[in-house]
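Here is the structure we will look at, set down as structure tokens.
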Amino acid sequence: MYRYKWLLCLIGVLITTQPALALTPTHLLNYQDSYGNLSLKYSGDIRLPDPLVVNGDLNLENSQIKYLPLSLTIKGNLNLAYSHIEYLPLALKVDGYINLAYSKIKELNFGLQVYGDLSVAHTQLKKLPDRLYVKGDLFIQNSQLKALPNKLVVDGNIYIGNIPLTSIPSDLIIGGNIYR
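In this note's numbering, the protein residues as written are 3 to 182.
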């Protein structure tokens, strides 16, 4: 009986200390639809293949995934809402929107270009990177931002409700309006 309990305890330790499960591109086919969209919503801490090209949207909402591949190309939208992702890869290309709402994101890349909307609403981000370009709308409400970055370009609107924004840079280029 003692050995049985000891073995169960050892198995429990091994299971809880295992590294993230690595998925191959073949494994990912099980999570992909006929449009090329890849959904790993509510998934555990898995490791995605590197490099990774997604022909549609990549949905990691509510996933336990902590790291994205170093080289990531998404031909649709990137949804990281409520995820555990803290940093975006340097080699990131997203043709659509990026949703980081309620995520654990800590920092965005210098010169990030977003070809749709960008939402950092309800995040702990303290600042946005200089030279940020957003083709759509920028949603920063209920975040920890105190200032907008230098050389910010937003072709759409900026939604700033409920943040301690103290100033707007003189070099801001905005195609739409600022809404509180």
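Yeah, the Cβ is synthetic: ideal placement off N, Cα and C, and Gly gets one too.
Going by beta carbon distance, what residues of the same chain come within less than 6 Å of I175, once the five residues before and after it are set aside? Reading the sequence shown from its first residue, position 173 is the one you call residue 175. Closer than 6 Å at the Cβ level, and outside the excluded window around I175, lie V155.
DSSP three-state call for L30: helix, strand or coil? In the sequence shown, the residue the question calls residue 30 occupies position 28. Helix.
Expected contact under 8 Å - CB spacing of Y89 and L120 to nearest Å: Counting from one through the sequence shown, the residue named residue 89 turns up at place 87. Counting from one through the sequence shown, the residue named residue 120 turns up at place 118. Contact flag wrong, Cβ pair sits at about 16 Å.
Please list the terminal residues of the continuous beta strand (DSSP E) segment that includes T168. Position 166 of the sequence shown, counted from the first residue, corresponds to residue 168. Premise fails: T168 is in no beta strand (DSSP E) and is neither H nor E.
Please report the distance separating the alpha-carbon of D47 from that of L30. Taking the sequence shown and counting its residues from 1, the one referred to as residue 47 is at position 45. Taking the sequence shown and counting its residues from 1, the one referred to as residue 30 is at position 28. Looking at the two C-alpha atoms, the distance is approximately 14 Å.
G38 to G163, Cα distance in whole Å? Reading the sequence shown from its first residue, position 36 is the one you call residue 38. Reading the sequence shown from its first residue, position 161 is the one you call residue 163. Distance between the alpha carbons of G38 and G163 is about 35 Å.
May I have the straight-line CA-CA distance separating L42 from S85, to the nearest angstrom? Taking the sequence shown and counting its residues from 1, the one referred to as residue 42 is at position 40. Taking the sequence shown and counting its residues from 1, the one referred to as residue 85 is at position 83. For L42 and S85, the distance between alpha carbons rounds to 11 Å.
CA-CA distance, N159 and L72? Position 157 of the sequence shown holds residue 159. Position 70 of the sequence shown holds residue 72. About 30 Å.
Going along the chain, which residues of its own chain have a beta-carbon closer than 6 Å to the beta-carbon of I76, five neighbours each way excluded? Within the sequence shown, the letter at position 74 stands for residue 76. So the list reads V56, L60 and V96, once near-sequence residues are dropped.
Could you check where the beta strand (DSSP E) with I76 kicks off and where it finishes? Mapped onto the sequence shown, residue 76 falls at position 74. Unbroken beta strand (DSSP E) run through I76: S73 to I76.
DSSP has V156 in a bridge; who is on the other side? The residue you call residue 156 lines up with position 154 of the sequence shown. In the DSSP output, where bridge partners are listed per residue, V156 has V136 and I176.
Can you tell me where the beta strand (DSSP E) with V55 in it begins and where it stops? As a first step, residue 55 must be located in the sequence shown, where it is residue number 53. First-last of the beta strand (DSSP E) with V55: L54 to V56.
Between L25, Q146, D139 and S45, which lies nearest to L127 when the distance is taken from Cα to Cα? What you label residue 127 is simply residue 125 of the sequence shown in a count that begins at 1. For the residues L25, Q146, D139 and S45, the minimum Cα distance to L127 belongs to Q146.
Output needed for N81: all residues of its chain with C-beta closer than 6 Å, excluding positions within five of it in sequence on either side, in chain order. Mapped onto the sequence shown, residue 81 falls at position 79. Hits under 6 Å: N61, E63 and N101.
Have a look at D35, A123 and P131 and flag the residue whose alpha-carbon is nearest the alpha-carbon of N152. The count along the sequence shown starts at 1 and reaches residue 152 at position 150. Closest by alpha carbon: P131.
Any idea which residues DSSP pairs S41 with across the strands? The residue you call residue 41 lines up with position 39 of the sequence shown. N61, per the DSSP bridge assignment.
CB contact flag (K106, T125, <9 Å): Residue mapping note: residue 106 aligns to position 104 of the sequence shown, counting from 1. Residue mapping note: residue 125 aligns to position 123 of the sequence shown, counting from 1. Yes. Within cutoff.
Got a sec? Which residues, its chain only, sit under 8 Å from L92 by beta carbon, not counting five neighbours each side? The count along the sequence shown starts at 1 and reaches residue 92 at position 90. Hits under 8 Å: L72 and N111.
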